[in-house]
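J.: The following block contains the structure, expressed as structure tokens.
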Amino acid sequence: MTRLALRSLAHHRAAAIATGLVALVGTMLVTGMMSLLGTGLADSTAAADRAFLVQFPLIMGGWAVAIVLFAMVSTISVALRGRAGELAGIRLIGASPRQVQSMLAAETAVISAVTALPGLAGGYLVGWVVTRGIHSAGLTDAASVFAPGVLLPVAGVLIVLAASVLAAWTGSRSLAHRSPVADAAPPPRRRTGRHPGRRRRIAATVLIVAGLASSAGVLAMDPADVLTTAMTGPGCVLVAVGLCVLAPELVATANSALRAFRRARITAPAHLAAINLSAAPERVRPTVTFLTLFVGVAAGTLSMQGIENSVSSAGSMADSTAGSTAQVLASINYFVVALIAAFMAIALTNNLVASITRRRSEFAVMSLIGSTSAQTEGMLVREIGAAAAVSIVAGSVGAFVAVLPFAIVKTGNPLQAAAPLPYAITIVIGIGVTLGVASLVGRRVIRTV
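Quick note on my numbering: the sequence shown kicks off at 1 and runs consecutively.
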């Protein structure tokens, strides 16, 4: 199966590039945090600096690994839907579902291994930039130089590689277990007496509750304690990930909203978009997943940092050291949020391109039955637009709820968690990437069928 996996890569370059980009940026994020952790554990690091240089990369590294795993599962799942016929053929000539999963996991392992070296180099650069920012603010001793070592950054590469293989194994399970003689049929359900989505909803509930508990923990802390930020950040991530797991329910909500719009204003594109969302909701599920995650993490972190900035600016005249600390923490937060946002934008773009390109035959049939290019483009934009709208609402609500305790502790005013600027910036970027990619790729595919 390994030789078959290597040959298969040559025929699926686009999917390999998409997976490779996600693995590359994910490796940079994880190894960057691991290099910072190596600096914190180095013998040359001053004892007073050790706690911060260890705690910060552990927290951020955990976020990065969770997001990388999520992104890889979604990217691989979308790429594999276009290979259903090929995998059914492999099953028909005698391959077992486990062998198919092993082949796909081997493909992903090869792709991740190719991106390991450039990702490791980029991770060293990320760690160096963060360390320089800390030094420039005077928060660490001059003796605490950037000393990442080799072992921990390489361990970061191996973590991403393991996460990639796990994502491939998990993302390919459903397709590998489908009937080879009717590849559109879902795998047989196990007779467990449970609803098929029950476990997923339970997992989503656990993640959301854990995130809210982490955020609510700051209510018992001193407002000046740095742990208020360390507790709220993971809370935003956990709530956003929990909402991502509920992507099928969010897609159903988008479909209901689009149907209501269709009843209010009957147009051919709206009618077609509502039918597509109802018949094939999995097409926009990756969009909902990544956009919800992007809005929840970015808006929550930016809102939290905006509150911290307002509090720090008010007290900076009295304590210049506290003001310097707040500035460097703000710079680090903005830098890391920018990296995570770029990573999710790449993953979102990859999934949009893959899902739209795979619908070429559908667009051709629509053209044959009389649909104009403008109508087909309008249908596609409305589908993605409905998914984007429900994702933005879900992510914004999740971010607000997660930041609410932080706002109460820091300012005493819960409305500070709803400051419009962080949400506006996040929403504009999210909509711009989503609808921009959908429009450009959709127009190119539709007009070439």
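Quick reminder that beta carbons are idealized off the backbone N, C-alpha and C, glycines included.
Since residue 18 and residue 350 are thought to touch, with beta carbons under 8 Å apart, how far apart are those beta carbons, to the nearest angstrom?
T.: 4 Å
J.: If I measure Cβ to Cβ from residue 76 and keep anything under 8 Å in the same chain, skipping five residues before and after, which residues do I get?
T.: 19, 104, 108, 167, 168, 171, 172
J.: So what does DSSP say about residue 188, is it helix, strand or coil?
T.: Per-residue confidence for residue 188 stands at a pLDDT of 47, beneath the threshold of 50, marking its modelled position as unreliable; the derived number appears in the next sentence. The answer is coil: DSSP assigns residue 188 none of H, G, I, E or B.
J.: Spatial neighbours of residue 41 within its chain, please: CB distance less than 7 Å, with the 5 preceding and 5 following residues excluded, ordered by chain position.
T.: Taken in chain order, the residues that qualify are 54.
J.: Nearest by alpha-carbon distance to residue 252: which of 95, 389, 446 is it?
T.: 389
J.: Of all the CB atoms in chain C, is at least one closer than 8 Å to the CB of residue 350?
T.: As a matter of chain content, chain C is missing from the structure shown, which is built from one protein chain.
J.: Closer than 6 Å by C-beta to residue 184: which residues in its own chain qualify, once you throw out the five before and the five after it? Chain order, please.
T.: Only weak support exists for where residue 184 lies, its pLDDT of 47 falling under 50; the value from the coordinates is given anyway. Cβ neighbours of residue 184 within its own chain (closer than 6 Å, five residues either side excluded): none.
J.: Which residues in the same chain as residue 38 place their Cβ atom closer than 6 Å to its Cβ, once the five residues preceding and following it in sequence are excluded?
T.: 148, 149, 152
J.: For the putative contact between residue 413 and residue 407, defined by C-beta atoms under 8 Å, what is the C-beta separation to the nearest angstrom?
T.: 7 Å
J.: Report yes or no: do three or more beta-carbon pairs, one from the region 430 to 446 and one from the region 235 to 252, lie closer than 8 Å?
T.: no
J.: From residue 281 to residue 198, what distance separates their C-alpha atoms?
T.: Each residue's alpha carbon lies about 18 Å from the other.
J.: Less than 7 Å between C-beta atoms, sequence neighbours within five positions excluded: which residues of the same chain meet that for residue 404?
T.: 414, 417
J.: First and last residue of the alpha helix (DSSP H) that includes residue 177?
T.: Element bounds for residue 177: n/a, residue is neither H nor E.
J.: Which same chain residues, not among the five before or five after residue 288, have their C-beta less than 6 Å away from its C-beta?
T.: Close CB contacts of residue 288 within its chain, under the 6 Å cut and outside five residues either way in sequence, are with 247, 250, 251, 387, 391 (chain order).
J.: Taking DSSP as the reference, what is the three-state secondary structure of residue 20?
T.: DSSP places residue 20 in helix when its eight states are reduced to three.
J.: In whole angstroms, what is the alpha-carbon distance linking residue 296 and residue 97?
T.: 36 Å
J.: Counting pairs of beta carbons, one from the region 350 to 364 and one from the region 24 to 31, are three or more of them closer than 8 Å?
T.: no
J.: Please classify residue 83 as buried or exposed, where buried requires at least 16 other C-beta atoms within 10 Å of its C-beta.
T.: Result: buried.
J.: Under 8 Å: do the region 205 to 218 and the region 268 to 283 share three or more Cβ pairs, one atom per stretch?
T.: Not touching, per the Cβ criterion.
J.: Within a Cβ cutoff of 6 Å, which residues of the same chain sit near residue 437, ignoring the five residues on either side of it in sequence?
T.: 349, 352
J.: Report yes if the CB atom of residue 59 is closer than 8 Å to the CB atom of residue 217, and no otherwise.
T.: No.
J.: From residue 16 to residue 80, what distance separates their C-alpha atoms?
T.: 11 Å
J.: Tell me the DSSP secondary structure of residue 284 in three-state form.
T.: Residue 284 sits in coil when the DSSP states are folded into three classes, being neither helix nor strand.
J.: Tell me whether residue 296, by its Cβ, gets closer than 7 Å to a heavy atom of the ligand NAD.
T.: Although the ligand NAD was asked about, the structure shown includes no ligands whatsoever.
J.: Among 409, 344, 380, whose alpha-carbon lies nearest the alpha-carbon of residue 29?
T.: It is 344 whose Cα lies nearest to the Cα of residue 29.
J.: For residue 32, collect the residues of the same chain with a Cβ closer than 6 Å to its Cβ; drop the 5 residues on either side in sequence, then sort them by chain order.
T.: Here the set comprises 123, 126, 127.
J.: Nearest to residue 446 by alpha carbon, out of 361, 425, 410?
T.: 361
J.: Would residue 307 pass as a contact of residue 410 if the rule is Cβ separation under 8 Å?
T.: yes
J.: Flag this pair as yes or no: are the beta carbons of residue 394 and residue 299 separated by less than 8 Å?
T.: no
J.: With a threshold of 16 other CB atoms inside 10 Å of the CB of residue 444, please say whether the residue is buried or exposed.
T.: exposed
J.: Candidates 401, 236, 273, 161: which alpha carbon is nearest residue 378's?
T.: 273
J.: Let me confirm a value: residue 61 is counted as buried when at least 16 other C-beta atoms fall within 10 Å, else exposed. Which label applies?
T.: buried
J.: Would you grab the beta carbon distance between residue 365 and residue 439 for me? Rounded to a whole angstrom, and I think it's under 8 Å.
T.: That belief does not hold up - the Cβ atoms of residue 365 and residue 439 are roughly 21 Å apart, past 8 Å.
J.: Helix, strand or coil: which one does DSSP assign to residue 172?
T.: coil
J.: Would you kindly work out how many angstroms separate the C-alpha atoms of residue 203 and residue 212, rounded to a whole number?
T.: 14 Å
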